[in-house]
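Notes to accompany the following structure.
Residue numbers (our numbering), protein chains in the order written: chain A, 1 to 484; chain B, 485 to 579; chain C, 580 to 1072.
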């Protein structure tokens, strides 16, 4: 399962762990009643509690507890009915309290796992160490002024789930598959919107290298990566850097690094000489978080289906390929669209039409599935018309293009344009007779051995029928007639 | 228990309180005394005793997920020594 | 007019309802008393204009038949409570100029009941101290003077709150108690000071010192007034997760029910060598009074008493070191400009926090730091549980516990602080109740040989303030302590 990297002195094994910070989908913040929405004017969604005014106190949000438990269930993880909120003490301008309320010794969720599938169809289980709830910090802007930083506390106090993986990934590809899968699970569950550009999903990547069989090497941590591409670049760069460093006789320093998106390199964070001593202790403004089995069972009952479950059904019941099932379950909305469109009809055909034609058209137009001019029902109708022989696959493409542009129904377009497939044997025989009569020389040529002329006859018939002759029938009857 | 000058400076740094060398000397003596006095706790046999984080016996109250707060930018910024528009302003942070 | 200051709150309410006096008259008398006792340095901010308006409102409400339970009563507030649009500093330079846009829950309840705010009262900086000497405004002075006229400490941290009531410069006041900061000043100034059960009064809007120990409470002339204002201050607050949901009963019966049949615990461990003889004598006297009133004295043991102070002086600074991290010059208070953020933090906090506060922040930071957490903080939390268990065991046998409040009477001001521990020892009798979350009251019980007030402390099981009031009232009736400090406002002398 390990991918090895070749160094000067031999093979190296890569060891990767990831800490993902996922903003919880909720109306208000983790410990205050202000809105958790993104993108308002500065310091708007900030309460006195978020601004850490003197005398302010935290009160926990029920929905955040639920979302964390649901996520834990989606990760097949142990749910801890007793957990404690601790203060993580450090100073920074975007941390108004001078501490972050987090969970240290007793997190709400324990060990779990995520299954990833790689391009070569191999599957791997990546272990989850734990998941805990914590407050997000505000935002600092350092580029607004030459000597000052600007602070916006809108994000301060928003609920985060910190999901810590075990160090069980061994390649950038695995890491990418992991974060994509994790994101997918969170979006399916509705517990995090996984919007990496907006920062609602961020990753810290721990990378170390070792010679196979040796103990773990010293790891570095690169923080706040907000795209899969950056994660992969970070890993590639760090692996290379560490291998070269060690092979040149150096030692990897355990440190926190920053990824430079313009250079694609990581660098040490300046000014972090002091190791952080967070002085964790249980927050005396809160009591331990406790709930019972009934609470968990209730949440489990109403849980949305997970991508793996849906994928399984697609492969086993609908006969889709694993690849197609992956594509169709990448997003919850895609799977939902597909289920609706394919319901009660040819599942495979519908899958094809979605992943090839619909996605192709959407990509070209720069649209998301949510803005598709063709609805699931409409797509389904089109598939029906193909299935019942009303139109050929080829004609269907034309119809689809029209549907995409005008938003009209397939049936309407077929009627208006008179595109209905001719499947009437009599008409086809007539057309074939006509073509053969007009091309007697070619008929003779064919009969004396030039078999590739078959395509010419098919083309002529299709042309005569303006493409509407049922291709299957044309082939069959033409073959018969050309035999002589 | 002694807390030497360097240890004092280290703790002062963690607490973000500037401490001069002379102050560190004085504090070193003070803190040393206090910590010595506190050490009497070592006499107490606490095997198997659960730490008491709170005297409260009730359960942690959970609030409903509705927006009840915020939209008070003016109040939030009102007492700040320095603002720019709707931002708090601090000396630049070097990362 | 001359009788106005002599009335207790209960008496004042009676006069007000009988229209013998008006709120405006009462408030005016107190405002004059504030001026007359100005040298005691009790008030750090006066809100006399606001008080006059609130008094007018109270009179109108009374006329309309809408008078709240405290309508028209002049009250002083420790400068630790955030008061809307009124400067709140926690008596620290770091909060210089801070004007909250919000009101603490406890004081809100007072104003909603018609109380009148006279001003903000002096205290030790961030409530850290036992003499009110760490205040950036200078100490609050005890209206009781030494025989030689030397100025005496009003105690701390709520020195100003105690002194104001003793001096007739407030009818009642609000303070806070983390390790004895209500009870000790009450004893020093000869007034009644109540620390409710942890969780009774909301901590929302109170500048936090040690979150698991802080509790708001009243200073009053007598026990009846204490029950009155406490019942208004207390109550569940959804904004405070540590706030108790227990309903606040009507205490009028408890105040008058006496102590017949009650079992009163006398902890042997509170008999300390360092105690002045007159303290032991007073304690003995207190036991006699209660026996005469029909209570039974029961010897009890609270074996971990001697460790309570050390335990407190780890937990309180540890929590404080974290609670005070928000005072960084960014969003409120004083800021010392510097080139970088960290330099700004360091300069602001070094300049803004006084010595004792800095000392406690450093101790707290140390106790929580890597390598020391288990030995200090965790150990203290374990000892804390043992202390609480001592009390749980005791209260399964007795209804209340009687102890002295302080090891001595009020001490002189201005003694240089060579050893902070000497100051800490003042809290020896009061700290255990905070650690265990118990309610405690100090009631003036006698005078020292120097003619200074001495207090007796009563402790009860959680949420049993009724028992406190029964016992304290009995002591009060027997002690017949009369408020006559040398530096009180005219009529009280």
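Heads up, the beta-carbon is just placed ideally off N, CA and C, and yes, glycines get one too.
**Supposed contact pair residue 71 of chain A and residue 160 of chain A - C-beta distance, whole angstroms, cut 8 angstroms** = Against the first chain, residue 160 of chain A aligns to sequence position 160. Against the first chain, residue 71 of chain A aligns to sequence position 71. Rounded, the Cβ-Cβ distance is 11 angstroms, inconsistent with contact.
**Request:** With a 10 Å radius around its C-beta and 16 neighbouring C-beta atoms as the bar for buried, classify residue 1041 of chain C as buried or exposed.
**Result:** Locating residue 1041 of chain C in the third chain gives position 462, where the first residue counts as 1. Its Cβ being crowded by 16 or more others within 10 Å, residue 1041 of chain C is buried.
**Asked** Is residue 540 of chain B close to chain C, meaning its C-beta is less than 9 angstroms from at least one C-beta of that chain?
**Response** For the purposes of this step, residue 540 of chain B is taken as residue 56 along the second chain, with counting starting at 1. Taking a beta-carbon distance threshold of 9 angstroms, residue 540 of chain B counts as an interface residue toward chain C.
**Asked** Would you report the Cα separation of residue 1 of chain A and residue 822 of chain C, rounded to the nearest angstrom?
**Response** Taking the first chain and counting its residues from 1, the one referred to as residue 1 of chain A is at position 1. Taking the third chain and counting its residues from 1, the one referred to as residue 822 of chain C is at position 243. Reliability of the predicted coordinates at residue 1 of chain A is poor, the pLDDT of 42 falling under 50, and the value obtained from them is presented with this limitation in mind. Their backbone Cα atoms lie some 54 angstroms apart in a straight line.
**Request:** Please go through the same chain and pick out, in chain order, the residues whose beta-carbon is closer than 8 angstroms to the beta-carbon of residue 493 of chain B, but skip the five residues on each side of it.
**Result:** Residue 493 of chain B sits at position 9 when you count from the first residue of the second chain. These residues qualify, in order along the chain: 503 and 508.
**Prompt:** Taking Cβ-Cβ distances shorter than 8 angstroms, what residues in chain B pair up with residue 93 of chain A?
**Reply:** Taking the first residue of the first chain as position 1, residue 93 of chain A is located at position 93. Neighbours of residue 93 of chain A on chain B, chain order: 572, 574 and 577.
**Asked** Looking at the structure shown, is residue 271 of chain A part of a helix, part of a strand, or coil, going by DSSP?
**Response** Counted from its first residue, the first chain places residue 271 of chain A at position 271. Note that residue 271 of chain A has pLDDT 49, beneath the 50 cutoff, so the model's placement of it is unreliable and the number below is only indicative. In this structure, DSSP gives residue 271 of chain A a state outside helix and strand, which the three-state scheme calls coil.
**Beta-carbon proximity of residue 534 of chain B to residue 964 of chain C, cut-off 9 angstroms** = For the purposes of this step, residue 534 of chain B is taken as residue 50 along the second chain, with counting starting at 1. For the purposes of this step, residue 964 of chain C is taken as residue 385 along the third chain, with counting starting at 1. Result yes, Cβ atoms of residue 534 of chain B and residue 964 of chain C sit closer than 9 angstroms.
**Request:** Verify the CB distance criterion: does residue 1000 of chain C have a CB-CB separation below 9 angstroms to chain D?
**Result:** Within the model displayed, chain D is absent; protein chains A, B and C are what it includes.
**Asked** Alpha carbon to alpha carbon, what distance is there between residue 636 of chain C and residue 652 of chain C?
**Response** Taking the first residue of the third chain as 1, we reach residue 652 of chain C at position 73. Taking the first residue of the third chain as 1, we reach residue 636 of chain C at position 57. Residue 652 of chain C and residue 636 of chain C have their alpha carbons spaced roughly 12 angstroms apart.
**Request:** Compare the beta carbon distance of residue 713 of chain C and residue 661 of chain C with 9 angstroms and say whether it is the shorter of the two.
**Result:** Within the third chain, the letter at position 134 stands for residue 713 of chain C. Within the third chain, the letter at position 82 stands for residue 661 of chain C. No. Outside cutoff.
**Message:** Counting only C-beta atoms, is residue 84 of chain A closer than 9 angstroms to chain B at any point?
**Reply:** To locate residue 84 of chain A, count along the first chain from 1; it is residue 84. Yes, residue 84 of chain A counts as interfacial toward chain B.
**Prompt:** Which of helix, strand or coil does DSSP assign to residue 697 of chain C?
**Reply:** Residue mapping note: residue 697 of chain C aligns to position 118 of the third chain, counting from 1. In the three-state reduction of the DSSP assignment, residue 697 of chain C falls in the strand class, which pools E and B.
**Asked** DSSP state of residue 337 of chain A, grouped into three classes?
**Response** Working through the first chain from its first residue, we reach residue 337 of chain A at position 337. In the structure shown, residue 337 of chain A sits in a helix (DSSP, three-state: H, G or I).
**Asked** Going along chain C, which residues have a C-beta under 9 angstroms from residue 335 of chain A?
**Response** Position 335 of the first chain, counted from the first residue, corresponds to residue 335 of chain A. None at all; the shortest Cβ gap to chain C is about 40 angstroms.
**Prompt:** So residue 113 of chain A is in the beta strand (DSSP E); what residue range does that whole segment cover?
**Reply:** For the purposes of this step, residue 113 of chain A is identified with residue 113 of the first chain, where counting begins at 1. Unbroken beta strand (DSSP E) run through residue 113 of chain A: 112 to 117.
**Message:** Can you tell me whether residue 5 of chain A is helix, strand or coil according to DSSP?
**Reply:** Here residue 5 of chain A refers to the residue found at position 5 of the first chain. Of the three classes helix, strand and coil, the one that applies to residue 5 of chain A here is strand, per DSSP.
**Message:** For residue 271 of chain A, count the other beta carbons within 10 Å of its own beta carbon; 16 or more makes it buried, fewer makes it exposed. Which is it?
**Reply:** Stepping through the first chain from its first residue, residue 271 of chain A is reached at position 271. Caution is warranted here: a pLDDT of 49 is assigned to residue 271 of chain A, below 50, making its placement in the model unreliable, and the coordinate value is therefore given only provisionally. Under this definition residue 271 of chain A is an exposed residue.
**Asked** Would DSSP call residue 295 of chain A helix, strand or coil?
**Response** Here residue 295 of chain A corresponds to residue number 295 of the first chain, with the count starting at 1. Residue state, collapsed to three classes: helix.
**Environment of residue 135 of chain A [buried if 16+ CB atoms lie within 10 Å]** = Taking the first chain and counting its residues from 1, the one referred to as residue 135 of chain A is at position 135. Residue 135 of chain A is buried by the Cβ-count criterion.
**Message:** Determine, for residue 148 of chain A, whether the minimum Cβ-Cβ distance to residues of chain B falls below 9 angstroms.
**Reply:** Locating residue 148 of chain A in the first chain gives position 148, where the first residue counts as 1. Judged by the 9 angstroms Cβ criterion, residue 148 of chain A is in contact with chain B.
**Asked** Going by beta carbon distance, what residues of the same chain come within less than 7 angstroms of residue 149 of chain A, once the five residues before and after it are set aside?
**Response** Residue numbering aside, residue 149 of chain A sits at position 149 when the first chain is read from its first letter. Taken in chain order, the residues that qualify are 93, 140, 141 and 142.
**Prompt:** Applying a beta-carbon distance threshold of less than 7 angstroms, which residues of chain A neighbour residue 787 of chain C?
**Reply:** As a working note, residue 787 of chain C is residue 208 in the third chain. 55, listed in chain order.
**Message:** Going by DSSP, what residue range makes up the beta strand (DSSP E) through residue 751 of chain C?
**Reply:** Locating residue 751 of chain C in the third chain gives position 172, where the first residue counts as 1. Taken as a continuous stretch (DSSP letters only), the beta strand (DSSP E) holding residue 751 of chain C covers 751 to 755.
**Message:** I'd like to know whether the C-beta atoms of residue 722 of chain C and residue 1067 of chain C end up nearer to each other than 9 angstroms.
**Reply:** Counting from 1 along the third chain, the entry for residue 722 of chain C is found at position 143. Counting from 1 along the third chain, the entry for residue 1067 of chain C is found at position 488. Yes, these two residues count as a Cβ contact at 9 angstroms.
**Request:** Compute the beta-carbon to beta-carbon distance between residue 100 of chain A and residue 85 of chain A, rounded to the nearest angstrom, for a pair I have assumed lies under 8 angstroms.
**Result:** One-based indexing of the first chain puts residue 100 of chain A at position 100. One-based indexing of the first chain puts residue 85 of chain A at position 85. The Cβ separation is near 10 angstroms, so there is no contact.
**Message:** Does residue 879 of chain C come out as helix, strand or coil in the three-state DSSP assignment?
**Reply:** Counted from its first residue, the third chain places residue 879 of chain C at position 300. In this structure, residue 879 of chain C counts as strand in the three-state DSSP scheme.
**Request:** Determine the burial state of residue 644 of chain C: buried for a count of at least 16 other Cβ atoms within 10 Å of its Cβ, exposed for fewer.
**Result:** Residue numbering aside, residue 644 of chain C sits at position 65 when the third chain is read from its first letter. Per the 10 Å Cβ criterion, exposed.
**Asked** Sorted by chain position, which residues of the same chain lie with C-beta nearer than 7 angstroms to residue 884 of chain C's C-beta, five sequence neighbours on each side aside?
**Response** Numbered from 1 along the third chain, position 305 holds the residue referred to as residue 884 of chain C. Once the five neighbours on either side are set aside, the close Cβ partners of residue 884 of chain C are 846, 848, 849 and 1011.
**Message:** Per DSSP, what are the beta-bridge partners of residue 259 of chain A in this structure?
**Reply:** Locating residue 259 of chain A in the first chain gives position 259, where the first residue counts as 1. Looking at the DSSP output, residue 259 of chain A sits in a beta bridge with A:266.
**Request:** Take residue 691 of chain C as the anchor and find which of C:634, C:838 and C:891 has the nearest alpha-carbon.
**Result:** In the third chain, residue 691 of chain C corresponds to position 112, counting from 1. Looking from the CA of residue 691 of chain C, the closest CA among C:634, C:838 and C:891 belongs to C:634.
**Message:** Whole angstroms are fine: how far does the CA of residue 277 of chain A sit from the CA of residue 249 of chain A?
**Reply:** Stepping through the first chain from its first residue, residue 249 of chain A is reached at position 249. Stepping through the first chain from its first residue, residue 277 of chain A is reached at position 277. Going by the C-alpha atoms only, they are around 31 angstroms apart.
**Request:** Specify the secondary structure class of residue 1024 of chain C as computed by DSSP and reduced to three states.
**Result:** Here the question's residue 1024 of chain C lines up with position 445 in the third chain. Correct three-state label for residue 1024 of chain C: strand.
**Asked** What does residue 123 of chain A pair with, by DSSP beta-bridge criteria?
**Response** Residue mapping note: residue 123 of chain A aligns to position 123 of the first chain, counting from 1. For residue 123 of chain A, which the question treats as bridged, DSSP gives the partners A:117.
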